[in-house]
Amino acid sequence: QKEVEQNSGPLSVPEGAIASLNCTYSDRGSQSFFWYRQYSGKSPELIMFIYSNGDKEDGRFTAQLNKASQYVSLLIRDSQPSDSATYLCAVRYDYKLSFGAGTTVTVRA
Amino acid sequence: KAGVTQTPRYLIKTRGQQVTLSCSPISGHRSVSWYQQTPGQGLQFLFEYFSETQRNKGNFPGRFSGRQFSNSRSEMNVSTLELGDSALYLCASSLPDRRRNTIYFGEGSWLTVV
């Protein structure tokens, strides 16, 4: 079983819609959770960081964490073409990040 | 505030050679970690340093090594390069609190082994 699993893509959403990304992790001792956005040929860019159960909102992005279910999600509201990218879920345990394979999102105009 | 700076950005090496990559963390960040990204394996953890000490190491062969200097700058070295070492090498920095601090990546060093 992989440490971090993301819903398989690609995910195609119309402009203005909500994109929903999911991630599950296997290590219950995981301490914090990250969502990164990566454009082709670029390095990962931090979007959201969460470490407590519940929701965390930042602009059009909302991260949700449920430690009991070992589940973290990312909602992108009012999706824009510039949101088209690969989204990486990462889970931190000790001094190491474990990454999911990523979900490619395409926002169609 | 300057971000994580990695040099060189692009390099081409021949099999059997060695390579050294450099990373300067965000000012004030003392934890530096390295990751390898390939199309087949995704993003994988190499190692992490804090106060010049390696605290954690991923599942990579001994050809991959690193170090951190007293000013928190870090280098990683890959010896006896193989074709499979072609990848994007990413450096990340953070404050030392494992739970509450975010982790930022540099732009990466693109290594091609021919």
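Protein chains in written order, with the working numbering: chain D, -19 to 89; chain A, 36 to 149.
Glycine residues also receive a C-beta, built at the ideal position from the N, C-alpha and C atoms.
Hey, would you say residue i sits closer than 8 Å to residue j, going by beta carbons?
i                 : j                   : result
THR86 of chain D  : GLN(-14) of chain D : no
SER121 of chain A : VAL67 of chain A    : no
GLY111 of chain A : PHE99 of chain A    : Correcting the residue type first, residue 111 of chain A is Met in the shown sequence and not Gly. Yes, the Cβ-Cβ distance between MET111 of chain A and PHE99 of chain A is below 8 Å.
SER59 of chain D  : ALA(-3) of chain D  : yes
Quick check on residue i: buried or exposed, where buried means 16 or more other Cβ atoms within 10 Å of its Cβ?
i                  : result
ILE56 of chain D   : buried
GLU(-5) of chain D : exposed
SER62 of chain D   : exposed
GLY101 of chain A  : buried
ARG17 of chain D   : buried
THR49 of chain A   : exposed
LEU118 of chain A  : exposed
VAL39 of chain A   : buried
VAL149 of chain A  : exposed
GLN71 of chain A   : buried
ILE30 of chain D   : buried
THR115 of chain A  : exposed
ILE47 of chain A   : exposed
SER12 of chain D   : buried
Rounded to a whole number of angstroms, what is the C-alpha to C-alpha distance between residue i and residue j?
i                 : j                 : result
ASN106 of chain A : SER10 of chain D  : 29 Å
THR4 of chain D   : MET28 of chain D  : 16 Å
GLY90 of chain D  : THR42 of chain D  : With chain D covering -19 to 89 only, the question about residue 90 of chain D has no answer from this structure.
ARG108 of chain A : ALA89 of chain D  : 43 Å
TYR124 of chain A : LEU146 of chain A : 7 Å
TRP15 of chain D  : GLN53 of chain A  : 33 Å
GLU57 of chain A  : TYR75 of chain D  : Sequence inspection shows Ser at residue 57 of chain A; the Glu mentioned does not correspond to that position. Roughly 20 Å separates the two Cα atoms.
ARG90 of chain A  : ARG72 of chain D  : 14 Å
Can you tell me the Cβ-Cβ gap for residue i and residue j, rounded? I've got them flagged as a contact below 8 Å.
i                 : j                : result
TRP69 of chain A  : PHE85 of chain A : Not quite, the Cβ-Cβ distance comes to about 13 Å (not below 8 Å), so this is no contact.
GLN44 of chain D  : SER53 of chain D : 5 Å
ILE138 of chain A : LEU77 of chain D : 6 Å
Using Cβ-Cβ distances below 7 Å, what residues of the stretch 15 to 29 of chain D are close to chain A? SER23, PRO24, LEU26 and PHE29
Residues from the stretch 86 to 100 of chain A in contact with chain D, defined by Cβ distance under 8 Å: ARG90, ASN91 and GLY93
Could you run through the stretch 78 to 89 of chain D and flag, in chain order, every residue whose CB is less than 9 Å away from some CB of chain A? SER78, PHE79, GLY80, ALA81 and GLY82
For the stretch 29 to 58 of chain D, list every residue whose C-beta sits within 7 Å of some C-beta in chain A, in sequence order. PHE29 and TYR31
Between the stretch 49 to 72 of chain A and chain D, which residues of the former have a C-beta closer than 8 Å to a C-beta of the latter? SER66, SER68 and TYR70
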